[in-house]
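Residues 2 to 305 (the numbering used here) make up the sequence shown, in order.
Report on the structure given below.
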Amino acid sequence: MLGLMTLQTPLPWSRLWLLVPLAVAASLLLTWRFGPWGLGVPVAVFAAALSLGGAGELWVWWTPFASLTGAWMGLREEGGGPRSGERAWMLLPPLLLAAGLPWMPHYPEAMRRVNDTMRRADAQIVEGARSLGYEGGALATLERQVKTQASERERAMPYLWPSALFMWVAVLVVGGRGLSARAAHTLRWPPLSRARLRDWRLPDGALWVFLAGLALLLAPWPAWGPTGATLMINTALGYCVQGIAVVESLLLSRGVPPSIIVLTLLFVVMVALPVFLLTTAALGLSDVWLDFRRLESGADDAQP
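Here's what the structure looks like:
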């Protein structure tokens, strides 16, 4: 699958499909088994990445920063391993890299290339409609809609593209952890720890990252807007997952089957995604102070 996705992604970014999972797996396994000595892996990965491309190339930095996440996971693997929320917090190095992308010298050029690619796709849509028989007013309306959407997209792209890259790399990190689990099984090492969604709870530091992103986004400094948006959007998504974990935990404690919970959540997502995201994020943020799952367990213990 990774090889297929590599062929579908243009160079040099296609290299990340293979490099990031391999770097994460190597860092995790070596720090898990050899402790801080394994931290040499991210350093070696960084040196190797610089040899493949210059320090100014945006794609070069993702592999070493993801390798730091793998090393962090490996250092915490003993003693039962980190919980799911703590494991998500270990994505902080790639998140900080994503937040810093708008300040890199090649970022404007990268945005130009992305927008050029999108414009070519828009032109293909219009040409496809013309070949299907669109003409006159219908074709003109479609062209206006495509042009309006392109304008709005280009305004939003500097704010959203770093988050899109971060989410992609986060998926690759998960793939690297799965690769390390298979390698540990092959080497007859102890199995890697597994985390449950119902235990997802972000550390308190995530709240400060969220507030910092919100402050930068609202501050009268337009240049800091993309950085603030990146920090705020991704931590907010983390709190969305925490809100889902709260709901799952409360429903499971009342005997609701997991299949019913999954189907209900999927239905709500398909019917009202914006409301779902806002509600779960608010629930996750309130869980920082209220800790609903601890209150629930305390109420259950108090019952005769």
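Every residue, glycine too, gets a C-beta built ideally from N, C-alpha and C.
Owing to the predicted nature of the structure, the values given are computational and were not obtained by experimental measurement.
For residue i, the three-state DSSP class (helix, strand or coil)
i: Glu136; result: coil
i: Arg16; result: helix
i: Ser194; result: coil
i: Leu96; result: helix
i: Asp292; result: coil
i: Glu58; result: coil
i: Val257; result: coil
i: Pro223; result: helix
i: Pro204; result: coil
i: Ala246; result: helix
i: Glu78; result: coil
i: Pro305; result: Unreliable placement is indicated for Pro305, whose pLDDT of 49 sits below 50; no coordinate value is reported for it.
i: Arg84; result: coil
i: Asp123; result: helix
i: Arg189; result: coil
i: Pro103; result: helix
i: Met91; result: coil
i: Ala273; result: coil
i: Leu286; result: helix
For residue j and residue i, the rounded distance between their alpha carbons
i: Gly1; j: Trp33; result: Limits of the chain in this structure are 2 at one end and 305 at the other, which puts residue 1 out of reach.
i: Ser260; j: Phe66; result: 36 angstroms
i: Arg154; j: Met105; result: 21 angstroms
i: Arg88; j: Ala26; result: 15 angstroms
i: Leu252; j: Asp292; result: 15 angstroms
i: Trp225; j: Leu217; result: 6 angstroms
i: Gly179; j: Pro191; result: 14 angstroms
i: Gly36; j: Val44; result: 15 angstroms
i: Arg295; j: Leu69; result: 32 angstroms
i: Leu97; j: Leu76; result: 20 angstroms
i: Leu166; j: Ala99; result: 7 angstroms
i: Leu143; j: Pro221; result: 36 angstroms
i: Arg120; j: Gly101; result: 26 angstroms
i: Leu188; j: Leu279; result: 44 angstroms
i: Arg1; j: Leu93; result: What the structure shows of the chain is the stretch from 2 to 305, and residue 1 is not part of that stretch, so it cannot be assessed.
i: Phe47; j: Arg255; result: 49 angstroms
i: Arg156; j: Thr149; result: 11 angstroms
i: Ala196; j: Glu78; result: 11 angstroms
i: Leu133; j: Arg16; result: 37 angstroms
i: Gln146; j: Leu215; result: 32 angstroms
i: Trp290; j: Thr64; result: 35 angstroms
i: Tyr168; j: Asp123; result: According to the sequence shown, residue 168 is Met rather than Tyr. Going from the Cα of Met168 to the Cα of Asp123 covers about 25 angstroms.
i: Gly138; j: Thr265; result: 43 angstroms
i: Pro13; j: Ala49; result: 14 angstroms
Sub-8 angstroms separation of residue i and residue j beta-carbons
i: Gly244; j: Gly206; result: no
i: Leu53; j: His107; result: no
i: Met112; j: Trp162; result: yes
i: Pro95; j: Val170; result: yes
i: Asp288; j: Val247; result: yes
i: Gly82; j: Ser181; result: no
i: Ser164; j: Ile262; result: no
i: Pro159; j: Pro103; result: yes
i: Trp51; j: Val42; result: In the sequence under discussion, the amino acid at residue 51 is Leu, which differs from the Trp named in the question. Contact: no.
i: Cys241; j: Ala282; result: yes
i: Glu249; j: Leu208; result: no
Distance between beta carbons of residue j and residue i, contact taken as under 8 angstroms
i: Leu140; j: Gly71; result: About 51 angstroms; that fails the 8 angstroms criterion.
i: Leu203; j: Gly239; result: 5 angstroms
i: Thr236; j: Val210; result: 5 angstroms
Beta carbon proximity, residue i to chain B, threshold 8 angstroms
i: Pro22; result: No chain B appears in this structure, which consists of one protein chain only.
query: Would you call the segment 14-33 and the segment 167-175 in contact, with 3 or more CB pairs under 8 angstroms?
result: yes
Touching by the beta-carbon criterion (3+ pairs, under 8 angstroms), the segment 219-230 and the segment 115-132: Flag = no, the segment 219-230 and the segment 115-132 do not touch.
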